[in-house]
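Trainee:
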Amino acid sequence: MEREPAPPLTGTALTARNLVKRFGDLTAVDDVSFQIRPGETYGLLGPNGAGKTTIISMVAGLFPPDSGSVDVTDIRMGPSSLGAKRHIGLVPQELAIYPDLTAEENLNFFGRLQGLRRKDLKSRVALVLDLLGLGERAREQTKKYSGGMKRRLNIGVGLLHRPLLLILDEPTVGVDPQSRNSILEAVAQLSTEGTAVLYTTHYMEEAERLCDRIAILDQGKVQAEGTRDELITLTGGVDRINLIGTGRMVAAAESLRTVPGVQQVSGGGLSGLTLTVTDGPALLASIITNAATAGMAVTSVELTRPDLESVFLHLTGKALRD
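Those letters in the sequence shown? Residues 1 to 322, per UniProt numbering, in order.
Structure, rendered in structure tokens:
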């Protein structure tokens with residue numbers, strides 16, 4: 001689908017500096033800073049209650065930070081900063097569509113509120129419906145839509161006015177796998193076309209699939225930031241291979257410790273051997289051959305690679321969804 005390009009943008013789409021927000025004795029956001037470049041998808045990854053929604057509420061100008069600042073396309077954001085808000089498309093967790101209106105009517109209504117003129121609005125509605133896979137059911141009342149279709153339409157409302165920064169707050173919560181995949185594909189396409197995306201999620205696989213850079217949040221603080229590969233290095237970046245089998249287990253363990261790339265071998269009893277290695281897929285064949293040569297009959301092999309869940313556990317001492 002062809003999409004009209006966003007206006008050219010130099011510098012950053014968003015700069016958040018030292019954001020702090022307190023609610024009574026609770027510090028919901030504690031000194032959070034980050035930048036997003038045009039065409040970049042930036043993820044805020046953390047469990048429920050980590051401060052993600054509070055951060056995007058400050059970014060969107062829904063309420064001011066207690067301290068710190070937000071610039072959208074180099075315009076300072078505040079509750080009355082219409083110049084900055086004009087460049088933002090905000091898609092909240094809660095649905096913001098009218099159930100008795102069709103998808104087409106919803107988009108036309110919100111498009112007029114966003115100041116789109118009639119001819120431009122008509123083409124934008126068609127483009128957005130196409131992008132989100134809703135064109136064939138554009139004239140159905142949205143109360144007849146599935147939860148996933150409603151979520152997609154909710155995103156469409158935020159896209160109509162060609163925002164330079166699209167903010168998506170947990171957009172796939174509660175949707176079926178097919179709709180979830182459609183949403184992720186649409187977001188991936190937006191970033192290739194120059195739209196900066198701020199994406200909040202507690203789903204590790206979404207952050208890994210979509211985001212160019214990721215900030216890992218816990219208890220209102222950024223614990224780490226970087227690309228997926230940069231974050232993985234925080235765990236040591238090593239893989240784990242579990243070998244189950246019978247035979248000369250102790251001899252196999254001793255032999256495997258001499259294989260280049262194998263950092264550690266533990267076990268040797270009935271539970272098998274556990275190896276810590278630098279590049280599991282590349283070493284797997286030689287490890288199995290070496291174990292067999294040493295007298296171990298391998299019956300089962302499991303390769304585990306580090307992921308963002310591992311990073312979160314390493315940084316916080318708890319699982320991402322605890």
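The beta carbon of each residue, even a glycine, is placed where N, CA and C say it ideally should be.
1) Could you tell me whether the region 174 to 184 touches the region 24 to 33, using the rule of 3 or more Cβ pairs below 8 Å?
2) Is it a yes or a no for the region 67 to 78 touching the region 227 to 247, going by three-plus beta-carbon pairs under 8 Å?
3) Measuring CB atoms only, is the region 251 to 270 touching the region 204 to 220, in the sense that at least three cross pairs come out at less than 8 Å?
4) Counting beta carbon pairs with one atom in the region 45 to 65 and one in the region 120 to 131, are three or more of them shorter than 8 Å?
5) Assign ASN181 to one of three DSSP states: helix, strand, or coil.
6) Who does SER266 pair with in a DSSP beta bridge?
7) Between the region 57 to 72 and the region 220 to 227, can you find at least three pairs of beta-carbon atoms closer than 8 Å?
8) For PRO8, count neighbouring C-beta atoms within 10 Å of its own C-beta (all shown protein chains included) and say buried if the count is 16 or more, exposed if not.
9) Quick check: the Cα distance between HIS161 and LEU308, rounded to an integer number of angstroms?
10) Are the beta-carbon atoms of ARG37 and THR15 separated by less than 7 Å?
11) Write down every uninterrupted run of the beta strand (DSSP E) in the region 1 to 72 whose length is 3 residues or greater and which is fully enclosed by it, in chain order.
12) Tell me which same chain residues have a C-beta within less than 8 Å of the C-beta of ARG22, skipping the five on either side of it?
13) Can you tell me whether GLY226 is helix, strand or coil according to DSSP?
14) Which partner residues does MET296 have in the DSSP bridge list?
15) For the beta strand (DSSP E) that GLY147 lies in, which residues bound it at each end?
16) Secondary structure at THR102, three-state DSSP: helix, strand or coil?
17) With distances taken between CB atoms, is the gap from THR227 to SER310 smaller than 7 Å?
18) Using 10 angstroms around the beta-carbon of LYS119, count the other beta-carbons present and answer buried if the total reaches 16, otherwise exposed.
19) Does the distance from the C-beta atom of THR276 to that of VAL238 stay below 7 Å?
20) Looking at the structure shown, is ASP239 part of a helix, part of a strand, or coil, going by DSSP?
21) Starting from the Cα of ALA294, find the closest Cα among THR54, THR102, MET249 and THR172 and give me that residue.
22) Do THR201 and ALA207 count as a contact pair if the criterion is CB distance below 7 Å?
23) Would you tell me roughly how many angstroms separate the C-alpha atoms of ILE155 and GLU104, rounded to the nearest one?
24) Suppose the cutoff is 7 Å on Cβ atoms and the five residues either side in sequence are ignored; what does the same chain contact list for GLU170 look like?
25) Report, in whole angstroms, the separation of the C-beta atoms of GLY272 and ILE244, which I expect to be a contact under 8 Å.
26) Does the distance from the CB of LEU90 to the CB of GLY158 come in under 7 Å?
27) Closest by CA to ASN290, which one among ALA251, THR195 and THR278?
28) Tell me which residues share the same chain as GLN114 and place their Cβ nearer than 7 Å to its Cβ, disregarding the 5 neighbours each side in the sequence.
29) Does the Cβ-Cβ distance between ALA60 and ILE88 come in under 7 Å?
30) Measuring only the C-alpha atoms, how far is ALA285 from THR278?
31) Taking DSSP as the reference, what is the three-state secondary structure of ALA96?
32) Please name the residue in LEU101, ALA196 and LEU283 whose C-alpha comes closest to that of THR304.
33) Per DSSP, what are the beta-bridge partners of VAL91 in this structure?
Mentor: Let me spell this out:
1) Judged by Cβ distances under 8 Å, the region 174 to 184 makes no contact with the region 24 to 33, as fewer than three pairs qualify.
2) No: the two stretches stay apart, fewer than three of their Cβ pairs being nearer than 8 Å.
3) Between the region 251 to 270 and the region 204 to 220, the count of C-beta pairs closer than 8 Å stays below three; the two stretches do not touch.
4) Contact fails: fewer than three Cβ-Cβ distances are below 8 Å.
5) Note: ASN181 maps to helix in three-state DSSP.
6) THR274, per the DSSP bridge assignment.
7) For the pair of segments examined, the region 220 to 227 was found not to touch the region 57 to 72: the number of CB pairs separated by less than 8 Å stays below three.
8) Unreliable placement is indicated for PRO8, whose pLDDT of 44 sits below 50; the coordinate value is still reported in the next sentence. With a 10 Å radius around the Cβ and a threshold of 16 neighbouring Cβ atoms, PRO8 comes out exposed.
9) Rounded to the nearest whole angstrom, the C-alpha separation of HIS161 and LEU308 is 34 Å.
10) No, the pair does not count as a contact, with Cβ atoms beyond the cut-off.
11) Counting whole runs of 3 or more residues, the region 1 to 72 contains the beta strand (DSSP E) stretches 14 to 23, 26 to 36, 41 to 45 and 67 to 72.
12) Spatial neighbours of ARG22 in its own chain (CB-CB distance under 8 Å, excluding positions within 5 residues in sequence) are listed in chain order as ALA28 and ASP66.
13) The answer is strand: DSSP assigns GLY226 an E or B state.
14) Looking at the DSSP assignment, MET296 forms a beta bridge with GLY247.
15) It is not in any beta strand (DSSP E) - GLY147 instead sits in the alpha helix (DSSP H) that spans 147 to 159.
16) The three-state secondary structure of THR102, taken from DSSP, is strand.
17) No.
18) Exposed.
19) Remark: C-beta atoms of THR276 and VAL238 approach each other more closely than 7 Å.
20) Taken through DSSP and simplified to helix, strand or coil, ASP239 comes out as strand.
21) A check of alpha carbon separations from ALA294 across THR54, THR102, MET249 and THR172 identifies MET249 as the nearest.
22) Their beta carbons are under 7 Å apart, which means ALA207 touches THR201 by this criterion.
23) Take the alpha-carbon of ILE155 and the one of GLU104: they are about 13 Å apart.
24) Excluding residues up to 5 positions away in sequence, GLN93, THR200 and THR201 lie with their Cβ nearer than 7 Å to the Cβ of GLU170 in the same chain.
25) About 4 Å separates the two Cβ atoms, so the contact holds.
26) Taking 7 Å as the cut-off, the Cβ atoms of LEU90 and GLY158 count as close.
27) The shortest Cα separation from ASN290 among ALA251, THR195 and THR278 belongs to ALA251.
28) Excluding its 5 nearest sequence neighbours in each direction, GLN114 has C-beta neighbours in its own chain below 7 Å: LEU160 and HIS161, listed in chain order.
29) Contact flag set, yes.
30) Computed Cα separation, rounded: 14 Å.
31) Residue state, collapsed to three classes: coil.
32) Of the candidates LEU101, ALA196 and LEU283, the one whose C-alpha sits nearest the C-alpha of THR304 is LEU283.
33) The beta-bridge partner set that DSSP reports for VAL91 consists of LEU168.
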